[in-house]
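Report on the following structure.
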Amino acid sequence: MKDYGHIFFDFDGTLMDTSQGIYESFDYALKTFGLEPLEHSQYDKMIGPPLVHSFKTYFGFDDAKARLGMVRYREYYTPIGMYHLKVYDGIPELLKRLYESGKKLYVATSKPERFAVELLEKYSLEKYFTVIAGADIDETRVTKVQVIEYALKAGNIDDKSSVLMVGDRLYDANGATEAGIDCMGVLWGFGSEQELKDSGCIDCAETPGALGDKILGNH
């Protein structure tokens, strides 16, 4: 694998396991519409894409109702659900290793930027990142390609061949392709190896340690 100087990380399913808070927030939102919550595993496909997209695609909401769904979701997520998460084992060590090797690290997430910043600060991980780029709160900048392009601009990166996106879902790979950068899949999140390879990932890593080895050429 070639030497990438700039490493972009997805957040949900890549840096942190945020599933519990997301499950609870979807449960809450659906109940406000008088709908029965789903089995939690059924929400996994909704982790990654924008909330409005998920409400429209998986529940048949029109645009206005989907935006209301996003508001209801965040009524639970913002004060409670967002804190029901854990950092994946090996992620702090990976970030420290890459940072100390001279790689520049970035976050590129469809999660609202202020949530990503707060959670990274909570776990003392923000110090490793040059730019933390996320969606704006009203979801006008929310697709993965929009967030990647925003991060590229914020980081003053002109050479896209020097950038590697790291993520767990097809949205990461597709957004990277649209933005003109490569993507590496990770297998500890919410997507499958088949999904990631079918979406154009150049490779997949099973653990954070293995990801570090691949990025640094120790494999």
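In our numbering, the protein residues as written are 4 to 222. Cβ coordinates follow ideal geometry from the N, Cα and C atoms, glycine included.
Euclidean distance between Cα positions of residue i and residue j
| i | j | result |
| --- | --- | --- |
| S104 | L97 | 11 Å |
| C204 | S195 | 12 Å |
| A154 | L41 | 34 Å |
| N1 | V189 | Residue 1 lies beyond the residue range present for the chain, which begins at 4 and ends at 222; the question has no answer from this structure. |
| D20 | D161 | 32 Å |
| D237 | D13 | Within the shown structure, residues of the chain are numbered from 4 to 222, placing residue 237 beyond reach of any answer. |
| E209 | F193 | 12 Å |
| N159 | E181 | 18 Å |
Residue i in three-state terms, based on DSSP
| i | result |
| --- | --- |
| D201 | helix |
| H87 | coil |
| S164 | helix |
| S113 | strand |
| G212 | helix |
| V120 | helix |
Sub-8 Å separation of residue i and residue j beta-carbons
| i | j | result |
| --- | --- | --- |
| G51 | S113 | yes |
| D139 | E116 | yes |
| F29 | Y46 | yes |
| I94 | L18 | yes |
| L167 | D185 | yes |
| M85 | F62 | no |
| P53 | V145 | yes |
| A111 | R75 | no |
Residue i classed as buried or exposed, judged by whether at least 16 other C-beta atoms fall within 10 angstroms
| i | result |
| --- | --- |
| L38 | exposed |
| F11 | buried |
| D66 | exposed |
| K156 | exposed |
| G137 | buried |
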